[in-house]
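Counting in the UniProt record's numbering, the sequence shown tops out at residue 125, every number present. This report refers to the structure that appears directly beneath it.
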Amino acid sequence: MKLILDGVKTATAALMIEYEEEVEPLPCVGAHSVLVDSDERPVAVLVTTAVDVIPLGKVTDRYAIDEGEGDVTAAQWRSAHESFWNSAEYRDEFANPNFPLNDNSLIVFEHFEVEQRLESNNALG
């Protein structure tokens, strides 16, 4: 949450298969969402500024940096995400947990910015 509020994390990534499995539409530019803290209290309003769908093999350093989780190269980002995406805990959530993960796997990057901080939350400092 702090990374988002500080402007360090300006994007998030998910496998396209997550959207397909949940029959969920992709994020839309201009859409708003509410960032909540660990107690589910609203902290800020986010607005989606861009949505990119790209193959895993085309992820660049810029995407890694924008996700704000400490990775500064695409290789670091990919290694960390593949570890998570290949974990039994993650894959057990899917109807077909044996889906392939390779250079052609589609990644949905949602870029966002904080549109409004919600003052009522004490966690904002």
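Ideal placement from N, C-alpha and C gives every residue a C-beta, glycine not left out.
{"Item": "Among V34, T49, T48, nearest to P42 - alpha-carbon criterion", "Value": "V34"}
{"Item": "For A31, three-class secondary structure by DSSP", "Value": "coil"}
{"Item": "Identity of the residues DSSP links to H111 by a beta bridge", "Value": "A11, A50"}
{"Item": "DSSP bridge partner residues for P55 (one or two, in chain order)", "Value": "L106"}
{"Item": "Buried or exposed by the 16-neighbour rule on C-beta atoms within 10 Å, applied to H81", "Value": "buried"}
{"Item": "Outcome for V23 when other beta-carbon atoms lying within 10 angstroms are tallied against a minimum of 16", "Value": "exposed"}
{"Item": "Alpha-carbon spacing of I54 relative to A44, whole angstroms", "Value": "28 Å"}
{"Item": "Buried/exposed call for P97, threshold 16 Cβ in 10 Å", "Value": "exposed"}
{"Item": "Straight-line gap, E20 to F94 (C-alpha atoms, nearest Å)", "Value": "10 Å"}
{"Item": "For P42, the residue or residues it bridges with in DSSP", "Value": "V36"}
{"Item": "Beta-carbon proximity check, P27 vs T10, cutoff 7 Å", "Value": "no"}
{"Item": "Counted within 10 angstroms of its Cβ, other Cβ atoms place E110 as buried (16 or more) or exposed", "Value": "buried"}
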